[in-house]
Amino acid sequence: MKLLGAVASPYVTRTLMFARIKGVDLPLEDVPTGSPRSPEYRALTPIGKIPSLMVGDKVLAESEVICEYLEDTHPEPSGFPADPMGRATSRLISRITDLYIAPHTSTLFRQMNPANRDQTVIDAAAEEFAAAFGYLEHFMGSGPFCVGDTPSLGDCALAPYMKLLKKVVFPFFDDIPDPTEGEGRLAEWWQAIQSHEICKATVDEYGEAVDGFMKGMGARITGQQPKE
Ligand SMILES: N[C@@H](CCC(=O)N[C@@H](CS)C(=O)NCC(=O)O)C(=O)O
292 MKLLGAVASP YVTRTLMFAR IKGVDLPLED VPTGSPRSPE YRALTPIGKI
342 PSLMVGDKVL AESEVICEYL EDTHPEPSGF PADPMGRATS RLISRITDLY
392 IAPHTSTLFR QMNPANRDQT VIDAAAEEFA AAFGYLEHFM GSGPFCVGDT
442 PSLGDCALAP YMKLLKKVVF PFFDDIPDPT EGEGRLAEWW QAIQSHEICK
492 ATVDEYGEAV DGFMKGMGAR ITGQQPKE
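In this text, residue positions in the sequence shown follow my numbering: the first is 292, and each later residue adds one.
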């Protein structure tokens with residue numbers, strides 16, 4: 292079994308973090324020819340996105356589905372809370388990340404360069420982020436992690452995305468404050484991620500990959516250096 296993709300993807304990082312907190316050995320390999328758009332990779336998964344999981348001659352796509360497969364094939368230790376409502380809540384945090392945070396991150400990625408900015412797009416994204424952070428705080432259970440005192444799927448989905456926002460959104464857009472700073476539930480949650488050895492190491496590894504990606508893009512995409 293091996294994971295295809297690159298660490299610079301928050302979805303690849305989700306899967307790696309989930310495997311690591313479960314103690315599952317999951318080697319990571321680049322996709323054939325290095326491009327998810329290549330015909331070689333599309334022959335494996337026509338979705339053409341990373342990650343994918345190769346198990347023998349079978350291929351699975353979609354980070355969430357891959358995590359569920361790892362859970363089914365390696366049930367102990369579980370990557371989910373013990374009770375049904377806790378498990379559902381962990382999945383819900385992951386869902387909120389994908390449905391209400393991820394789309395607005397890619398929108399803002401195209402607005403980083405002040406020379407090409409459309410303030411109405413930024414205002415709309417700022418409202419969506421504020422709403423999404425509210426959804427997370429509303430549904431997160433008693434912490435300090437998304438649900439309870441150990442990390443689970445929701446943490447693995449949200450933590451890389453929060454790191455991405457810390458790299459490409461909060462430093463560039465004053466209207467979108469970092470909800471992990473201060474006193475709220477997301478601040479408590481981020482502290483928990485930072486104090487968990489595997490979560491922190493995996494998120495830091497992802498952050499370095501994002502730095503490398505941004506360096507490669509340079510001023511072409513940002514038009515500026517981040518403020519921090
Ligand atoms: N819903 C997918 C999203 C995966 C995804 O968007 N991956 C991006 C990298 S972050 C990708 O492979 N993009 C390649 C492309 O669009 O050509 C998942 O959870 O696995």
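By construction, the Cβ of each residue, glycine as well, lies at the ideal position given by its N, Cα and C atoms.
Query, Result
"Assigned exposure category for residue 519 - 16 Cβ within 10 Å defines buried", "Note that residue 519 has pLDDT 47, beneath the 50 cutoff, so the model's placement of it is unreliable and the number below is only indicative. By the neighbour-count rule (16 or more Cβ atoms within 10 Å), residue 519 is not buried but exposed."
"Residue burial classification, residue 422 (beta-carbon count within 10 angstroms, cutoff 16)", "exposed"
"Whether residue 317 touches residue 292 by CB criterion (8 Å)", "yes"
"Same chain, Cβ closer than 7 Å to residue 357, five either side skipped, listed in chain order", "306, 342, 344 and 351"
"Three CB pairs or more closer than 8 Å across the segment 452 to 463 and the segment 424 to 433", "no"
"At least 3 beta-carbon pairs within less than 8 Å: the segment 406 to 421 vs the segment 432 to 444", "no"
"DSSP three-state assignment for residue 350, whether helix, strand or coil", "strand"
"Sub-8 Å separation of residue 382 and residue 335 beta-carbons", "no"
"Beta-carbon proximity list for residue 481, same chain, < 7 Å, skipping 5 on both sides", "453 and 471"
"CB contact flag (residue 340, residue 327, <8 Å)", "yes"
"Residue closest to residue 384, alpha-carbon to alpha-carbon, out of 426, 401 and 495", "426"
"Residues sharing a beta bridge with residue 343, DSSP", "295 and 352"
"Alpha carbon of residue 366 to alpha carbon of residue 360, nearest angstrom", "10 Å"
"When 296, 304 and 362 are compared against residue 333, the one with the closest alpha-carbon", "296"
"Where residue 428 sits in the DSSP three-state scheme", "helix"
"Collapsed DSSP secondary structure at residue 359 in the structure displayed", "helix"
"Residue 544 (DSSP reduced to helix, strand or coil)", "Absent from the structure is residue 544, since the part of the chain shown begins at 292 and ends at 519."
"Spatial distance of residue 304 from residue 411 (CA atoms)", "32 Å"
"Endpoints, alpha helix (DSSP H) assigned at residue 494", "488 to 508"
"Beta-carbon proximity list for residue 363, same chain, < 6 Å, skipping 5 on both sides", "none"
"Bounding residues of the alpha helix (DSSP H) (the contiguous stretch that carries residue 434)", "That residue, residue 434, is in no alpha helix (DSSP H); it is neither H nor E in DSSP."
"Proximity test, residue 337 beta-carbon vs ligand 1 heavy atom, cut-off 7 Å", "no"
"Proximity below 8 Å, CB of residue 372 to CB of residue 438", "yes"
"Option nearest residue 404 by Cα separation, candidates 298, 505, 355 and 496", "505"
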